[in-house]
Amino acid sequence: MLTVFTLLMLLIIKEGSGNSDRSVTFENPNPCALKGKSVEFRCSYSYREGETVRKTTWYRGKLNGTIWTRVALSDFPSYESRSEYLGDWQHNCSLAIHDLQVNDTGYYYFRFDTDTYGFRSKKSVYLSVTELNVRVCPERVRVGENVTLECKTSCHQLSNTAWFKDGRPISKTMFRAQAEDSGNYVCAIRGRESEQSDSVALDVQYGPLNMSIEVSKLGHLSNSTSVNLTCRATANPAAINYTWYKTTGSSSSSMVHVGSGQVLSLTSVVRPGLYLCQARNSVGENNLTQTVLIADHKDINHFILVGIVVKIILALLLTLIIIWIGRRTCYSAEDKKVRRYHVKRTINNSLSQNV
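Using mature numbering (1 follows the signal peptide of the UniProt record, and there is no 0), the letters of the sequence shown correspond one by one to residues -18 to -1, 1 to 337.
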């Protein structure tokens, strides 16, 4: 029994002394890389003089139930076209992995086999694959509120980043929100702008802007014309309340409420007037209401011109009637004078004959 124990101890001592001439060294044991990029495990190994390396293999640690195992990368189909052995069968055991994915995160090991012995690394390389994480704080604001853009990864402190809004570069990462700041934001490491993060949307809410009124009928409007007025407004969220007013005098301060809703239907235009629309959403209302004039000045001038022409014609007719009456009066007086003359002459002739 003592002899067997002594032999086992001698074998263990011999194996330990032999392994002291064999080693694997990782220069960057905890690399961190961005998704989609490449990473290199810088690695070197040594072995006993006189041995010849016959095989090199990279493994990945895998938990199989409760048992930790090492599986050769060649057994993973996903690594077939993405892993590249950069080393040799001398002392370089470096490995590159391309087009990194988040699930590539994990432990990696190296093993080499000589013509007399197989040695695998006791330590490992732990790879962290991360993505650019973009944050817009807060993601929903009102006009005038502060916005901060953040770009980071789980293992890098990023100080030199580039930002884009809807594909266009921007320079500020802290600003007071305006309506035009709504959009999708992405970040990238400067110098590698083509490798961008996922986008995050900024929603800037604001009250109604850019008010306008559309008229359904263009051209001359008369008293019997039917017209629809449509109120347009740019707002976020969309305007949900519209109120219509009409001026009652020369001043826009003299207004009466004439309707509600985005469309105001006028069955007839009784007289010229200014119509005003006010829009409102959950953020606020438009206090600079736009106006539109419903009545064509050409129609008004047309009616005025017709009235003038009618008055002229009536005046001319009246003048002609007066002249005609005057002439008839003159003709009547002359006829009476002639008749008196003939009567008198007839009487005189009769008297002369009797004498």
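Just so you know, even glycine gets a beta-carbon here, dropped at the ideal spot from N, CA and C.
(message) Checking 8 angstroms against the spacing of the C-beta atoms, do G88 and R42 come in under that value?
(response) To locate residue 88, count along the sequence shown from 1; it is residue 106. To locate residue 42, count along the sequence shown from 1; it is residue 60. It is a contact, given that the beta carbons lie within the stated cut-off.
(request) Can you say whether L109 is buried or exposed, counting buried as having 16 or more other CB atoms within 10 angstroms of its CB? (result) Locating residue 109 in the sequence shown gives position 127, counting from the first residue. Buried.
(request) Taking only the alpha-carbon atoms, compute the straight-line gap between N192 and G266 and give it to the nearest angstrom. (result) One-based indexing of the sequence shown puts residue 192 at position 210. One-based indexing of the sequence shown puts residue 266 at position 284. Each residue's alpha carbon lies about 14 angstroms from the other.
(request) Could you tell me the boundaries of the beta strand (DSSP E) in which A217 lies? (result) Locating residue 217 in the sequence shown gives position 235, where the first residue counts as 1. Residues V209 to N218.
(request) Within its chain, find whatever has a CB closer than 6 angstroms to the CB of P13; leave out the 5 residues flanking it on each side and keep chain order. (result) Position 31 of the sequence shown, counting from 1, holds the residue named residue 13. So the qualifying residues of the chain are V21 and L109.
(message) For the pair the region 168 to 176 and the region 140 to 150, tell me if three or more CB-CB distances fall below 8 angstroms.
(response) yes
(message) By the three-class DSSP mapping on this structure, what secondary structure does P120 have?
(response) Your numbering for residue 120 matches position 138 in the sequence shown. Coil at P120, not helix or strand.
(request) Measure the alpha-carbon distance for Y67 versus G100 and round it to whole angstroms. (result) Counted from its first residue, the sequence shown places residue 67 at position 85. Counted from its first residue, the sequence shown places residue 100 at position 118. C-alpha separation (whole angstroms): 19 angstroms.
(request) Starting from R262, follow its DSSP beta bridges and name the residues at the other end. (result) Within the sequence shown, residue 262 is the residue found at index 280, counting from 1. Note: R262 sits in a beta bridge opposite N223 and E267.
(message) Let me confirm a value: L211 is counted as buried when at least 16 other C-beta atoms fall within 10 Å, else exposed. Which label applies?
(response) Stepping through the sequence shown from its first residue, residue 211 is reached at position 229. Buried.
(request) Indicate whether the contact test is met: 3 or more Cβ pairs, each with one atom in the region 90 to 99 and one in the region 17 to 35, closer than 8 angstroms. (result) yes
(request) Sort out for me which residues DSSP pairs T143 with in a bridge. (result) Here residue 143 corresponds to residue number 161 of the sequence shown, with the count starting at 1. Answer is I171.
(message) Taking the alpha-carbon of T7 as reference, which of S76, K44 and S60 has the nearest alpha-carbon?
(response) For the purposes of this step, residue 7 is taken as the residue at position 25 of the sequence shown. Considering only alpha carbons, the answer is S76.
(message) Using the Cβ count rule (16 or more neighbours within 10 Å means buried), how would you classify I222?
(response) Counted from its first residue, the sequence shown places residue 222 at position 240. So I222 ends up on the exposed side.
(message) Starting from N74, trace the beta strand (DSSP E) in both directions and tell me its first and last residue.
(response) Along the sequence shown, read from residue 1 onward, the residue named residue 74 stands at position 92. Careful: N74 lies outside any beta strand (DSSP E) and carries neither H nor E.
(request) Please say whether M237 and T249 have beta carbons closer to each other than 8 angstroms? (result) In the sequence shown, the residue the question calls residue 249 occupies position 267. In the sequence shown, the residue the question calls residue 237 occupies position 255. Against a cut-off of 8 angstroms, the Cβ pair of M237 and T249 comes out as no contact.
(request) Please classify C133: is it buried, with 16 or more other beta-carbons within 10 angstroms of its beta-carbon, or exposed? (result) Numbered from its first residue, the sequence shown carries residue 133 at position 151. When all chains shown are included, C133 counts as buried.
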